[in-house]
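Chemist:
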Amino acid sequence: MRKAIAAAVFATTAFVAAAATPLDESIAKGVKFLLANQREDGHFSDPQMPALTALPLWALSGSGDAGEAVAEAKKKAAAFVLATQREDGGFYVPKPGRGGSGLGNYNTSVCLSALFDSKLAPSAPLLKAREYVASSQLTGDDTMAGGFGYDKVSRRRYADLSNTSYALSAMAKTASLEEFREGGKRVDLDWDKALEFVENLMKKEGPDAGGAAYNERTPQGGSTTNAQGKVSLRAYGAMTYAAVLSMCSAKLDKGDPRVRQSVEWLDKNWSVDENPGMGNQGLYYFYDIMTRALDAAKIDKVGEHEWKKELSARIVSLQREDGSWANENNRFWEADPVLCTSFALLALELCR
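According to the numbering used here, the sequence shown is numbered sequentially starting from 871.
#1: Between residue 1099 and the rest of its own chain, which residues show a CB-CB distance below 6 Å, the 5 nearest in sequence each way excluded?
#2: Please report the straight-line C-alpha distance between residue 1212 and residue 924, rounded to a whole angstrom.
#3: Considering only residues of the stretch 1013 to 1086, which uninterrupted alpha helix (DSSP H) runs meet the minimum length of 4 residues and lie entirely inside it, listed in chain order?
#4: Any idea if residue 978 is buried or exposed, counting beta-carbon neighbours within 10 angstroms, 16 or more meaning buried?
#5: DSSP on residue 940, reduced to helix/strand/coil?
#6: Under the three-state reduction of DSSP, which class applies to residue 957: helix, strand or coil?
#7: Between which residues of its own chain and residue 1013 is the CB-CB distance below 8 Å, once the five residues before and five after are set aside?
#8: Under the three-state reduction of DSSP, which class applies to residue 1178: helix, strand or coil?
#9: For residue 1009 and residue 1017, I'd like the C-alpha separation in whole angstroms.
#10: The alpha helix (DSSP H) with residue 1160 in it runs from where to where?
#11: What do you reckon, are the CB atoms on residue 1073 and residue 1079 nearer than 8 Å?
#12: Would you kindly work out how many angstroms separate the C-alpha atoms of residue 961 and residue 1115, rounded to a whole number?
#13: Taking one C-beta from the stretch 1044 to 1063 and one from the stretch 989 to 1009 each time, how about it: are there three or more such pairs within less than 8 Å?
#14: Where does residue 1172 fall in DSSP's three states?
#15: If the criterion is Cβ atoms closer than 8 Å, does the pair residue 1020 and residue 976 meet it?
#16: Return helix, strand or coil for residue 1107, following the three-state DSSP convention.
#17: What are the boundary residues of the alpha helix (DSSP H) that residue 1001 is part of?
#18: Smallest Cα separation from residue 1199: which of 1171, 1111, 1149 and 1169?
#19: For residue 1022, count the other beta carbons within 10 Å of its own beta carbon; 16 or more makes it buried, fewer makes it exposed. Which is it?
#20: Do you know whose CA, among 921, 1011 and 1208, lies nearest residue 1033's CA?
#21: Go ahead and label residue 1187 buried or exposed: buried means 16 or more other beta carbons lie within 10 angstroms of its beta carbon, across all protein chains shown.
#22: Would you be able to state if there are at least three C-beta pairs under 8 Å between the stretch 1164 to 1172 and the stretch 1189 to 1198?
#23: Which two residues bound the contiguous alpha helix (DSSP H) that contains residue 1129?
#24: Could you give the residue range of the alpha helix (DSSP H) that holds residue 934?
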């Protein structure tokens, strides 16, 4: 009887091993790398940046690995992130020299999404974080209104599409938590203003129609000047995906003409080898935002491109021997293998 049971276990194990795909194996190697790089107190990379612990937590939560090592790593990471929450509800470490908030909007939005998906946080701190994010949305009548910047407290009025997409996605993802809010008005965003902000950064005509820029001031993707001398910031890949994700967070879908036009731009500028318009700058962020946007829009193909197959094959091919990913270009902190490995895993998990 024991021999029969042992044989059955061996056969099952052998079948699972044989059935593992290159994508599954790549995810397992990436998870192993993250586990080896967590600090004793639960944080990853930089304890001053809670998002850099939340991103690995988010990736581990979607890995499908139910082993004790992953469960313990997630528990420690979630506890570390929760301990960074401030009285105002934000997850951040104050940095007086940077306006006082330590990239509060960015950190809080990422932490809110990661904690929610991890299922390791009670509703109370997440509801407080929703309050922080909602209170960080810019109001007014200018082109910044409706958007989000890095900090709630800032020396200048500022918003960009990257921070806005993180905030809108986090608020849409966690909207169901409002059912647990006791008393008082439910917390939400001004979604109409948010859409106006996103649309303002989308190109309406010309070869870049449907593409989106980072903001109206920072020429990350370069700029062009028309015959009238007006400077226009160029659209690029990551921000166009950020626009798609933002529009889907605001409950538009792939049938909306604005979403369709952005997807057409992405088809014309298709690449999994680079961040179109930026080369290898922000490449792993690009992979993450691509998958989250196309998944949210329920898009299986971009033009003729089966994006899950093409993207997963490319990411797997870039994995290092130790299971990590990293960018040779350190812009946006992407020389950090924990950051890039988290982005890569999040992308592969949605491709799977």
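Each residue gets a CB set at the ideal place from its N, CA and C atoms; glycine is no exception.
Modeler: Here's the rundown:
#1: With a pLDDT of only 44 at residue 1099, under the threshold of 50, the placement of this residue in the model should not be trusted; the figure read from the coordinates follows. For residue 1099, where only same-chain residues beyond five positions count, there are no Cβ hits under 6 Å.
#2: 9 Å
#3: 1031 to 1043 and 1061 to 1070
#4: Buried is the call here.
#5: helix
#6: Residue state, collapsed to three classes: coil.
#7: 1067, 1070 and 1086
#8: helix
#9: 8 Å
#10: 1153 to 1166
#11: Cβ distance < 8 Å, so residue 1073 and residue 1079 count as in contact.
#12: 23 Å
#13: yes
#14: strand
#15: yes
#16: helix
#17: 993 to 1006
#18: 1149
#19: buried
#20: Answer by Cα proximity: 921.
#21: exposed
#22: no
#23: 1127 to 1138
#24: First-last for residue 934: undefined, no H or E at that position.
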